[in-house]
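The next block holds one structure in the form of structure tokens; read it before the comments.
So, in structure tokens, the structure goes:
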């Protein structure tokens, strides 16, 4: 499917670009849309957001919400085709196994596998007894889990895979710490009611970068509690496909700094930023506190200062 950048290469109808449904295509009635309308026509470039009123008036409610949840980078990179079966949008042979297993399961549910019972029904074989147990007919249910031999294989599989997961022994920073001398630290976080946390947090990192640039900071540490996004920004891994365009835009904005570092901290060490994000639910416009602190984050700020000098 298409990962949204500027929307200039993606057609509203026919192309796969919606982050909902298995088909990813628009099903809303084409009442006000031409066949060749581009997605970019739904984006307000100046405001750097979707044209909400237009989207709400054209699309079915669930599609309108899905469209408005697609994050847009302030740099508006080109649109890009991505593979939907992996988190980072890149194709791997391993990811295609899931499609093969899904197809196999579909054939099993439809009794479309070449079992001996099915082959006998089609006059290919004259007998249908199971090759393993020699007792019961070889049906889909029997060969997959009813046959004693199949049960042996399942038991062996479970024992083999039981110890695959190892405990996480990575040491992670639990408390906030001041930046190195000469650097300014910007802590970011995001809160959302819906299951789009990585999307919201990627925009929080973008907002943090824009804040630092607008205030003239040249040497910055950008810190948040999303390990996935911090690793992506630091170049240790690929970002989730859904937010890759935003992360790409953040990295382009980073070119405006003399020095930029990315740091991860557990939520306990990012509590003031978390509280600001949580209280943003009830805030419509932007609010900036300069040389003062929001009352709902005061105790968390005091805790960080006390820990720093303890």
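Numbering (my numbering), first residue to last: 542 to 851. A virtual CB, placed ideally from N, CA and C, is assigned to each residue, including glycine. Predicted model only: the values in this text are computed from it and were never measured.
Look up residue i in the DSSP assignment and say whether it is helix, strand or coil.
i	result
residue 777	coil
residue 712	The pLDDT assigned to residue 712 is 47, lower than 50, so where the model puts this residue is not dependable, and the model offers no usable value.
residue 718	coil
residue 803	strand
residue 579	strand
residue 651	coil
residue 850	coil
residue 784	helix
residue 726	strand
residue 808	helix
residue 621	strand
residue 590	strand
residue 547	coil
residue 690	helix
residue 675	coil
residue 707	Below a pLDDT of 50, predicted positions are generally treated as unreliable, and residue 707, at 43, falls in that range; the measurement from the model is reported next regardless. Coil, per DSSP.
residue 734	In this prediction, residue 734 scores a pLDDT of 48, lower than 50, which makes its location untrustworthy; the coordinate-derived value is nonetheless stated afterwards. Residue 734: coil per DSSP, three-state reduction.
residue 564	coil
residue 834	coil
residue 552	strand
residue 585	strand
residue 569	coil
Excluding five sequence neighbours on each side, which residues of the same chain lie with their C-beta closer than 6 Å to the C-beta of residue i?
i	result
residue 628	781
residue 495	No answer is possible for residue 495: the residues shown for the chain start at 542 and end at 851.
residue 614	786, 787, 790
residue 845	717
residue 550	620
residue 580	548, 551, 553
Which residues in the same chain have their Cβ closer than 7 Å to the Cβ of residue i, if we skip the five residues on either side of it in sequence?
i	result
residue 609	591, 593, 596
residue 773	779, 780, 788
residue 658	669, 678, 679, 680
residue 723	760
residue 631	624, 779
Shortest alpha-carbon distance to residue i belongs to which of the options?
i	options	result
residue 620	846, 576, 803, 783	783
residue 622	558, 576, 639, 820	558
residue 560	598, 571, 606	606
residue 847	815, 717, 777, 575	717
residue 730	743, 582, 602	743
residue 817	802, 840, 795, 800	840
residue 821	832, 811, 837	837
residue 617	545, 830, 770	545
residue 599	642, 652, 804, 553	553
residue 666	675, 673, 655	655
residue 562	576, 807, 542, 686	542
residue 766	644, 689, 578, 810	810
residue 720	646, 795, 694, 800	800
residue 794	751, 815, 769	751
residue 682	649, 701, 698	649
With a CB to CB cut of under 8 Å and the five nearest residues on each side skipped, what residues in its chain are close to residue i?
i	result
residue 753	725, 727, 761, 763, 798
residue 758	725, 727, 798
Along the chain, where does the alpha helix (DSSP H) containing residue i start, and where does it finish?
i	result
residue 597	593-599
residue 826	Element bounds for residue 826: n/a, residue is neither H nor E.
residue 611	Segment: none, residue 611 is in no alpha helix (DSSP H) and carries neither H nor E.
I need the boundaries of the beta strand (DSSP E) containing residue i, first residue and last residue.
i	result
residue 660	No beta strand (DSSP E) holds residue 660; the alpha helix (DSSP H) holding it covers 657-662.
residue 764	760-765
Check whether the Cβ of residue i lies closer than 8 Å to any Cβ atom in chain D.
i	result
residue 663	Of the protein chains in the structure, only one exists, and it is not chain D.
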